[in-house]
Structures are given as structure tokens and as C-alpha cells.
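I have placed the structure first, in the form of C-alpha cells, so that the comments after it can refer back to it.
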């Protein structure tokens, strides 16, 4: 992750978030979309990226490298739906306090159906949240969650303190989400993140994350298709070997399970094939604090 001074929506980690929003927009425009994000394309339009990013499937067809966008959109659709369902399951279990880590251009607080007593905290750098909220408000979007609390703080700082200052209640079970975050963290920062989540979580809390067992192999796969993207990611992604989320949480009273993305995609009827196999190496990890 970049510092607040360095953050820019059209470079570094900002452009990767914008590319994922673009993929969500492409997926959302499909008649058989796995998930629909009506705001994803708005971010692309507002950002004016240095090279074309599509805001729909029709736009993707006319771009250089068009053959890769359906696969990327499928990846984004699978991931979005999986984590949408994470919050739906949490609500069904009576867990109505949610925290989205490094929320970026996530719009779940503006598009999901939430329980009447729900509160959603979004943690990210102030400039990230500012860009997102400016775009959303500019298009008349309002939160669908009853209480929406953006928390502007860099995760390398005291994000837990900032979260509690914003009203977070550690005695209340929480639905946590870390979507697309772990590859940007070195092993020691990832360990600290899980330790803080554990410290702040009451029994019954739920956690969903995405991780890559072989991040080096995934990056090499990207390099085989797009040297430009691979060069950007090489400066941002950490490929060090590390314990899996399940291994980190095993001794901390969390019950965990993994579900490979390829299995989830097949279950949704959208198997990951061809150029999407790189993203398909991801694994979804789910955990519940039992005591």
C-alpha cells in the first residue's frame, strides 16, 4: 500500500483498484452477471485513467487485449459474489457489525440489503475514501446500510484505535472482510493484521479473506499475458512464503475453512478457463471465532 501523499487513483495500488472496478463494471453489464455493481463504471469514468479501461462488456470488446476482459470480469464477478454472500450469511446469523479492510472502491455499503440494526465501517486512506464518496455522492448514491462509518486511516498506522474511535464495539460480533488485501502486505504486516482482528473480535465474529498459495506463480502468469500489468504488480505485491490464514488462526479459537476459487466458479456455473486460470489460483478463506 502507498502512503497518503503518494496515493493516486491512476497509478500504483490506485490503478489496480480501478482495474478491478472496471472488471466489476464489465461483469455487471452481462445479462447473466454473478454480481451487479451499478457504481463500478462510474469510478472508471471519473478517474480518467492513462489507458482505456472499459465500463461495460461492449466497451471491452473494442479495446486492445479484449480477449482477456471476459476472464477478468468472471474473476471479479466470482469474488464479488462470494464476499456479498459472506455479509448475507453474517446477517442471517445475527452479525450486523461489519468492517471492510482497505475498502478501496468497494460499494457494498451502497448496494447490499442490510439489517435494520447494521453498521458498516470502511477502513482506508482518507484520499481513497474521499475519491469514492465524491463519485458516489455525485451520482446521487446513498448508503443502503443504516449506519455507514468511513474510517480514514492507513493500515500501517493505528487503524484499530481509529476504528474504535469511530464507534466500533468489540463486544459485538463482527463480520470482517479483507478482499484483495493480503498480497499487498509483507508477512509480518499480515501477521499483525490477523492479530488485531482477533483482538477486536467477539465470539461469533466472522472473517472472509482471499489469498494466493503461490503468489509468485500467479505473478509469473500475469507476466505471460501483460508485461505492463506485471511490471506494476511487481512493485506492489509481496511474494514471500507465509502461513495460510487458516494456519495463522488455528491457535486463536477460530474455526476455518478454505474454498478454492476454481471450485466456487464451477459451482456458480462460470468455470475459470483459459487466461483466467491465473486469478483462479486464488483461495477464499472463511473463519468464525468460536470462543
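Residue numbers (UniProt numbering): 1 to 291. C-beta: ideal position from N, C-alpha, C; glycine also. None of these values were measured; they are calculated from a predicted model.
Taken through DSSP and simplified to helix, strand or coil, residue 177 comes out as strand.
Checking the DSSP bridge columns, you'll see residue 287 partnered with 207, 256. Shortest Cα-Cα distance from residue 204 to any of 12, 287, 82 involves 287. Sequence-distant partners of residue 47 (beyond 5 residues in either direction) whose C-beta falls short of 7 Å from its own C-beta, in its chain, are 9, 10, 18.
Between residue 159 and residue 206 a beta carbon distance of about 19 Å is seen, past the 8 Å cut, so the two are scored as non-contacting. In the DSSP assignment, residue 149 forms a beta bridge with 121. Note on residue 99: 16 or more other CB atoms within 10 angstroms of its CB, so buried under the neighbour-count rule.
Given a length threshold of 4 residues, each whole run of the alpha helix (DSSP H) inside the stretch 56 to 81 is given here in chain order: 57 to 61. In the structure shown, the three-state DSSP call for residue 10 is coil.
Beta-bridge partners of residue 97 (DSSP): 119, 174. By the CB criterion at 9 Å, residue 120 and residue 108 fall inside the cutoff. A Cβ-Cβ distance of about 6 Å is found for the pair residue 56 and residue 25, placing them in contact under the 8 Å criterion.
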